[in-house]
Amino acid sequence: EAWEPVGEGKKAAVKVVYDYKLSNWHNGQPMTMADIKNYIAFAYEWSTKDNEADRYYNPTYASTVRESLGMIVGLRFVDGDTLEVYGNYVHPASDAVIAYRLSWFPALPWEVYEAMADLVVHGGRVSGERYDFSQTEGTEWLHLLVKKHVDDLVAAMGRFKAGRYIPRAIEGDVSFEEASKRYEATIAWAREHGHLWVSNGPFYLDRYDPANMYVELRAFRDPSYPFTPDYWSKRLELVRASVTQFETPVKAELGKGIETKIRVVKRFEYPKTGEQPAEEAYVVVTLRDQKGNIIHKTRAEPIGRGWFKARIPAEKTSKLRTGSYTLEASAAPTEKGFPQVETKHIILVESLETGKPGVGEQVVGEVEEEGLSAAVKLGVILVVVIIVLGVVTLARRRGGKKGKEESEKTRMWGEK
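In terms of this note's numbering, the sequence shown is numbered consecutively and its last residue is 419.
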């Protein structure tokens, strides 16, 4: 129930500084850092179980904020519109994602949150209903658009004003006069519009008629609203960078650089559509080995008309084996943008100038050398076999001729 010093020895992985653009709430009251401060305190209070009888603990609500609160190491409220958040959430590619995950910004004024908490703990003093932040048996699921619930919330804020109530989390930030104006303005809003969805966006809920399924939104034209009509179209501009050509050699020599060229186009999807050569983009070329490990990564430089160039230095290829490798070209509109990736395969071979083989080539050479020795051995064996066969054949021929001569002599002797 109170803000506590972090203490010495605490460390955080990141620090995010938020400079808030604060305007008026839809009820005309200025939004202040007290709204943000009480919103964070509300999250801690309702997600922390102090004891078994803690009525300011709600397990369903706790499940929605526990992960976000667990990322926070400490907070520093710097001034009227600046908050520092120290946390342990990191993202390898995007600071914007880190800032989003550690951000806190209320959708409702602090007095509405306090009235909701009062109804969950004490019930509705007008209706006699029991309330909860979720659908729970035996209770009403608290809703800012239901008339019965709104009547109970208005009654709670009336008691707050009469009792000069200020939440403990912002006691030193809000005077009773300021709190009283808040209660009065929000009660007046509820009576005029019939609901308590008092927020701070570009549109406000003017009429809500569930019986006729009718909702009417109106533009919030308060001069304090910080965003111009074209702000969001520029802020939410959707542009993608795409690699349309990726020129790389089919093979390269060990100990020599690899030159690459990449053509990138920007594709506009919102608010305008079309495409054009990217004069500026975040283009990176990466060389990976057979297992996908990064050998070298380098930023490509623009050379005009949508073309970029990048070089893998010779000292990187000189340490590699011969074989197949992968070149990747990734392109994004900005460094933090989502990249589109194209890949090509390249074969690294031994240098023709030095004749120095790579490690992989030496293995192949050894295999060939072993194969050559086997071939020589086989050849010798074949020669020996041929010689032996030749000698045997010759001997048989000679033996046959001698037998014929002896037979002839015998026949002639018999005739005599």
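All C-beta atoms, glycine included, are put in the ideal place defined by N, C-alpha and C. Bear in mind that the values here come from a model prediction, so they are computed numbers and not experimental data.
Where Phe206 and Glu143 are concerned, what is the direct C-alpha to C-alpha distance, given to the nearest angstrom? Here the C-alpha atom of Phe206 lies approximately 28 angstroms from the C-alpha atom of Glu143.
What do you get for Gly12, buried or exposed, if any count of 16 or more other CB atoms within 10 angstroms of its CB means buried? Exposed is the call here.
Contact under 7 angstroms by Cβ, Lys264 with Glu278: No, Cβ-Cβ distance for Lys264 and Glu278 is not below 7 angstroms.
Identify the continuous beta strand (DSSP E) that holds Arg238 and give its terminal residues. That residue, Arg238, is in no beta strand (DSSP E); its alpha helix (DSSP H) goes 234-238.
Given this structure, state the Cα-to-Cα distance separating Ser327 from Ile306, to the nearest angstrom. In this structure, the CA atom of Ser327 is about 29 angstroms from the CA atom of Ile306.
Ser50 beta carbon less than 7 angstroms from that of Val68: Going by C-beta atoms, Val68 is nearer than 7 angstroms to Ser50.
Are Lys116 and Val123 touching if we call contact CB-CB under 7 angstroms? Sequence inspection shows Tyr at residue 116; the Lys mentioned does not correspond to that position. Contact flag unset, no.
Between which two residues does the alpha helix (DSSP H) harbouring His63 extend? With the sequence shown as reference, residue 63 is identified as Thr, and His is not the correct amino acid for it. For Thr63, the uninterrupted alpha helix (DSSP H) run begins and ends at 62-73, by DSSP.
Taking the straight line between their C-alpha atoms, what separation do you get for Ile43 and Trp107? Approximately 7 angstroms, taken between the alpha carbons.
Could you name the residues of the same chain whose beta carbon sits closer than 8 angstroms to that of Glu373, not counting the 5 residues immediately before and after it, in chain order? For Glu373, the pLDDT reaches just 37, beneath the cut-off of 50, and the residue's location in the model is therefore unreliable, leaving the point undetermined.
Figure out for me which residue from Leu111, His152, Glu140 has the closest Cα to the Cα of Ser130. Its Cα nearest to that of Ser130, the residue His152 stands out among Leu111, His152, Glu140.
Give the straight-line distance between the Cα atoms of Pro342 and Ala102, rounded to the nearest whole angstrom. For Pro342 and Ala102, the distance between alpha carbons rounds to 20 angstroms.
Let me know if His94 comes out buried or exposed under the rule of 16 or more other beta-carbons within 10 Å of its beta-carbon. Around the CB of His94, fewer than 16 other CB atoms lie within 10 Å, so the residue is classed as exposed.
Alpha-carbon spacing of Asn203 relative to Lys18, whole angstroms: If you draw a straight line from the Cα of Asn203 to the Cα of Lys18, it is about 27 angstroms long.
Looking at the strands, I want to know which residues DSSP matches up with Glu219. Its beta-bridge partners are Arg210.
Note down the Cα distance separating Tyr160 from Asp38, rounded to an integer number of angstroms. Per the sequence shown, the amino acid found at residue 160 is Met instead of Tyr. The alpha-carbon atoms of Met160 and Asp38 are separated by roughly 16 angstroms.
Meets three-Cβ-pair contact criterion under 8 angstroms: the region 45-62 and the region 186-197: Result no; under three Cβ-Cβ pairs closer than 8 angstroms.
Alpha carbon to alpha carbon, how far is Ser227 from Val267? Distance between the alpha carbons of Ser227 and Val267: 42 angstroms.
With a floor of 3 residues, list each beta strand (DSSP E) that falls wholly inside the region 19-102, ordered by position along the chain. As far as the region 19-102 is concerned, its whole beta strand (DSSP E) runs of at least 3 residues are 75-82, 85-90.
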